[in-house]
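Novice: Chains as they are written, first to last, in this note's numbering: chain A, 1445 to 2286; chain B, -10 to 324. Beta carbons are placed, not taken as given, at the ideal position from N, Cα and C, and that holds for glycine. This is the structure, below, for whatever I ask next.
And the structure:
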């Protein structure tokens, strides 16, 4: 049977045993047809592999099936039902889930919780039922016949475990069709075996699996049938038994093979002689270059006039290699030499000076500054060339040089002053190229130079590359378009899973041979680093120890400190801070901040005091305080969540608004509290001051809310990964707004507690409160970026700050240094946190 | 030609602020006709020079997407240091100001180090140093504020230059003008300024293009410290007392001035001219309200409301810009 062209005859399956039926699906983007009239049948209960080169349309097809895109034409039928609306939610209802290539997880939350975010199981009391969660999770893992450390934070899990977690999550919602997009790209041998076991298991239990992979060996091991896509078309669908690996490669590559090879070989003839004579003088040389988790032990050299192409598939590490060679990414080990000079550890600016320029693949985020004009983008990397004395830019010169280059590359734009955001992809690419060519680099690194570029511009870019090589520039090219790579390169290197596995001079580089190496036969790969696992509550225990140490130390230095009365006083005096800090914890957990806390306290305290003055009962005073705080908190919440003003600006404005409105209405007068109220404030039910009781109740309730209510868990989810939270159905903005309401209410309550300790209230109360409260929360271990932190930590933070403030007088230190101490503390806490996070992330 | 030059200076945001300035002037004039007297306008500058100096440094920081909440505290710190310079070292105004600049510059440099080397978000760093620097200032100088300065000290803040025989220009105004023009030139015409905008638009792309991002940040925050110190010197000279609480809540005024002047919180947009126009709007507002006997706290309420409105307006403008950008980007096929 011919390996290309005619589809093999297969019996039409009865429609009720079809999981999916794609009929004539079409998806188009300007200039590119991603899917062209694809009709494909996936049988229920099979493992169906999808293979094809980059850009063949595999991802587009499955994303349509998973509801992320809608097709421009064609129909999709899932288990007999036609899909009329394309959305992830709808797909889930149809029983389709996808495990994407790049995981959508909450890194700071535990593996267990990641499975249930958005749909936490509840107990009869309505609280989140962790035990049920654990039971369900263990069930799923048992079904998958795999194990996972459920309590580990996901950031400490290996890539493989994260993959398993995503699959487990998909299985929880009872997926009937599971799509896996390049699941083994980051995995090593053992993990891949584990994954296979899982997939087979799922399949045995009735799930239909669509498996996209570049690893043909795996496809043969796992799949029942395979479909090959090429240039957006379905080329062939077949049972695995009817094709060989070589057949598949030829199908993926198509008829164009022979012609391209000839063209490529012809083109290389003039260049070939050059690299022989200049072999002794490489422009760029790397030895032992390693980037942990991405590539290892890379040796390469490029000489003048050479175009070295690096081939490889996803996970090969070639893109990262290019970035490292350009200095954008720091290598873990190894050396780089440019024109004989050592370039190890150089950043992009230094590399530029040495003569190395990189045109990155990501046009919008890495290669261009979109809002800036064509001229500004072209000149940016070499701006200093146009600088006269005092660094003033010589506009005239800049315009001429940029204009000349734009002209040479035939950039089509409405002049040099047009923002590049408005240009087409091809022209944007030319601008990016121009910006790197401005300094006349000796070494040019090109990452996907014609990605998303129309045919005409593509040809121009190719011509440009050859012209540059002829002029003596050394070029390293990474391209997912294998024919392009082969036709341009004088030498082809192949990377697989982070290692250099082959080298071909252009004459010997055939698509077959290169793909063979790129797709690989082994499953060994680069070891992936994972974050170190931080034991549970380590931070809180450490803090507690610090507090104990501090108290002990001060007691030794000043015996007057270590009395029961003193400790009791410190606790009582800080009770109101405790209440406010609990509120701030929720705000900071969502990655927000509220610096108007002090103002809210002042307003609430005044309102409460006024109502006490008017003879209101204690409960009335409390309600007044809560009402005031709640309203102000709601204002903040509305500004941040509805109007979308950045929290720092919103609360900076409300800070001044609240305080000054207060002064406006009260004129800053003192309000005396009636004797009955003061008696309440001084009362000590069961020997504990009422202020401490209130703080204790608040802390307990907050701890429960944080841990066991849907709202509390949503707060953590939103702070950890707002996008993923949105995908799981959480109303992100509502949560973000509500925490400010909570903060306001607790600030009101704190105000109430605050005035119970006083005989008279002045309206400028609470000055500097925000600093203390934020410090306490951050010191207590909450991450300022949101997503992690505990109520317990905050409590210890408040106690620590209170102890420091309380100790100053006993240690005979001027209390005016208290603020300085706070500043040092918060700075220290944040620095430690930042260093730890950086270390863990690596 | 003049018109084209002028239009080149005025982007849409600056034009909006200019319009707002005109409106404010008229409103304040209506409130009190004495507002339009030359003397009054010049006297205003006595108060806005300090805020203006700090705003010159805050604007580029906000343009890079950062913020500096510690400016008020750095003012207080340098004021106290200058007080100590006189009380303990008997320094004259020149050397004392230099000492203050060293203190402010150092404080700003520390901010810059934490932001650029340790990579902590500017919001947090400056929130912490806001407390730290104020704390040091209070610790050093709260008890006995120095106020027995010799008359040379009061030149900068209280004396006048007589111009054209009759016009009395407060001595601190030329300082702001010279520094303002220099800052504008640097930000809009030099390599460094271009780098600032690039970082604000897209820090990653700027890094790829070889812009020395950490160095730029370090310089900007150090400059903020220097300007705060300079503002402190002017304050000291004007008020004649080295108060440790100098500059309290100044950050609010400075940020309001910048945001109002079109400097976008989201980074990448804004100009020195805009910030100066914003400064004039706020100063006119405050001055006009003061002349109109509006109490201090009510002025602050109005300022707070102004900041909110300006922030909301920026949000909508930014949304429109993003929508325009994504529709251009949508023509890129997903890979």
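With 8 angstroms as the limit, tell me which residues of the segment 2261 to 2273 of chain A have their beta carbon closer than that to any beta carbon of chain B; keep them in chain order.
Specialist: Taking 8 angstroms as the Cβ-Cβ cut-off against chain B, the residues of the segment 2261 to 2273 of chain A that qualify are 2261, 2262, 2263, 2264, 2265, 2266, 2267, 2268, 2270 and 2271.
Novice: I want to verify the contact list: residues of chain B whose CB lies under 9 angstroms from the CB of residue 2228 (chain A), in sequence order.
Specialist: 109, 110, 112 and 113
Novice: Would you check if there are 3 or more beta carbon pairs closer than 8 angstroms linking the segment 1467 to 1487 of chain A to the segment 1512 to 1519 of chain A?
Specialist: yes
Novice: Cβ closer than 9 angstroms: which chain A residues qualify as neighbours of residue 214 (chain B)?
Specialist: Chain A residues near residue 214 (chain B): none, gap ~15 angstroms exceeds 9 angstroms.
Novice: Taking buried to mean at least 16 other C-beta atoms within 10 Å of its own C-beta, is residue 1502 (chain A) buried or exposed?
Specialist: With 16 or more other CB atoms across the displayed protein chains lying within 10 angstroms of its CB, residue 1502 (chain A) is buried.
Novice: At which residue ranges does the segment 1491 to 1552 of chain A contain complete beta strand (DSSP E) runs of 3 or more residues, listed in the order of the chain?
Specialist: Counting only runs of 3 or more, we get 1491 to 1495, 1517 to 1522 and 1540 to 1543.
Novice: Taking the Cβ atom as the reference point for each residue, do residue 32 (chain B) and residue 251 (chain B) lie within a distance shorter than 8 angstroms?
Specialist: No; because the gap between Cβ atoms is not below 8 angstroms, this pair is not in contact.
Novice: Roughly how far, in whole angstroms, is the beta-carbon of residue 104 (chain B) from the beta-carbon of residue 55 (chain B), given that I think they are within contact range, below 8 angstroms?
Specialist: 7 angstroms
Novice: Given that residue 118 (chain B) touches chain A, what residues does it touch there, using C-beta distances under 8 angstroms?
Specialist: 2267 and 2271
Novice: What does residue 2090 (chain A) touch in chain B if you count any residue whose Cβ is under 7 angstroms from its own?
Specialist: Neighbours of residue 2090 (chain A) on chain B, chain order: 254.
Novice: Check whether chain A comes within 8 angstroms of residue 77 (chain B), counting only Cβ atoms and requiring the distance to be less than that.
Specialist: no
Novice: What three-state label does DSSP hand residue 1939 (chain A) in the structure shown?
Specialist: Strand, per DSSP.
Novice: Compute the Euclidean distance between the alpha carbons of residue 285 (chain B) and residue 2150 (chain A), then round it to the nearest angstrom.
Specialist: 42 angstroms
Novice: Should residue 1813 (chain A) be flagged as near chain B, meaning a C-beta pair shorter than 8 angstroms?
Specialist: Residue 1813 (chain A) counts as touching chain B.
Novice: Between residue 2278 (chain A) and chain B, is the shortest Cβ-Cβ distance under 8 angstroms, so that the two count as touching?
Specialist: Chain B, which has a Cβ nearer than 8 angstroms to the Cβ of residue 2278 (chain A), makes this yes.
Novice: Taking CB distances under 8 angstroms as the criterion, tell me whether residue 40 (chain B) reaches chain A.
Specialist: Answer no: the Cβ-Cβ gap between residue 40 (chain B) and chain A never drops below 8 angstroms.
Novice: Can you name, in chain order, every residue of its own chain whose Cβ lies under 6 angstroms from the Cβ of residue 2032 (chain A), other than the five neighbours on each side?
Specialist: 2221 and 2226
Novice: So does the segment 2257 to 2270 of chain A actually touch the segment 119 to 139 of chain B, counting three or more Cβ pairs closer than 8 angstroms?
Specialist: yes
Novice: Report the rounded CA-to-CA distance for residue 1462 (chain A) versus residue 1610 (chain A), giving the unit in angstroms.
Specialist: 25 angstroms
Novice: Just mark residue 1857 (chain A) as buried or exposed, buried being the case when its beta carbon has 16 or more other beta carbons within 10 Å.
Specialist: With a 10 Å radius around the Cβ and a threshold of 16 neighbouring Cβ atoms, residue 1857 (chain A) comes out buried.
Novice: Residue 1465 (chain A) by DSSP, collapsed to three states: which one?
Specialist: strand
Novice: Return the CA-CA distance between residue 1702 (chain A) and residue 1660 (chain A), expressed in angstroms with no decimal places.
Specialist: The pLDDT assigned to residue 1702 (chain A) is 42, lower than 50, so where the model puts this residue is not dependable; a value taken from the coordinates is nonetheless given after this. In this model, residue 1702 (chain A) and residue 1660 (chain A) are separated by some 22 angstroms (Cα to Cα).
Novice: Taking Cβ positions only, does residue 100 (chain B) come closer than 8 angstroms to chain A?
Specialist: no
Novice: Would you identify the three-state DSSP class for residue 1831 (chain A), choosing helix, strand or coil?
Specialist: strand
Novice: Got a sec: which bits of the segment 2150 to 2176 of chain A sit with their beta carbon under 8 angstroms from any beta carbon on chain B, in order along the chain?
Specialist: none
Novice: How should residue 1792 (chain A) be labelled, buried or exposed, when 16 other C-beta atoms within 10 angstroms of its C-beta is the threshold for buried?
Specialist: buried
Novice: Runs of 4 residues minimum, wholly inside the segment 237 to 264 of chain B: which ones carry the alpha helix (DSSP H) assignment?
Specialist: 239 to 249
Novice: Please determine, among A:1664, A:2023 and A:1783, the residue with the shortest C-alpha to C-alpha distance to residue 2041 (chain A).
Specialist: Comparing alpha-carbon positions, the option among A:1664, A:2023 and A:1783 lying closest to residue 2041 (chain A) turns out to be A:2023.
Novice: Say whether the segment 1996 to 2005 of chain A touches the segment 2192 to 2202 of chain A, bearing in mind that this needs 3 or more beta-carbon pairs closer than 8 angstroms, one atom from each stretch.
Specialist: no
Novice: Does the beta-carbon distance from residue 1810 (chain A) to residue 193 (chain B) come in below 8 angstroms?
Specialist: yes
Novice: Suppose the cutoff is 7 angstroms on Cβ atoms and the five residues either side in sequence are ignored; what does the same chain contact list for residue 1715 (chain A) look like?
Specialist: Only weak support is given to the placement of residue 1715 (chain A): the predicted model assigns it a pLDDT of 41, under 50, and the value that follows is read from those uncertain coordinates. Excluding residues within five positions, the ones whose Cβ falls inside 7 angstroms are 1749, 1913 and 1934.
Novice: Would you mind telling me which residues of chain B sit closer than 8 angstroms to residue 1809 (chain A), beta carbon to beta carbon, in chain order?
Specialist: 191, 193 and 194
Novice: Counting Cβ pairs, one atom from each stretch, are 3 or more of them under 8 angstroms apart for the segment 172 to 187 of chain B and the segment 1808 to 1824 of chain A?
Specialist: yes
Novice: Report the rounded CA-to-CA distance for residue 2106 (chain A) versus residue 2211 (chain A), giving the unit in angstroms.
Specialist: When the Cα atoms are used, residue 2106 (chain A) and residue 2211 (chain A) turn out to be separated by approximately 13 angstroms.
Novice: Excluding the 5 residues preceding and the 5 following residue 9 (chain B) in the sequence, name in chain order all residues of the same chain whose CB lies nearer than 6 angstroms to its CB.
Specialist: Excluding residues within five positions, the ones whose Cβ falls inside 6 angstroms are 270.
Novice: According to the neighbour-count rule (16 or more other Cβ atoms, all chains shown, within 10 Å of its Cβ), is residue 1725 (chain A) buried or exposed?
Specialist: exposed
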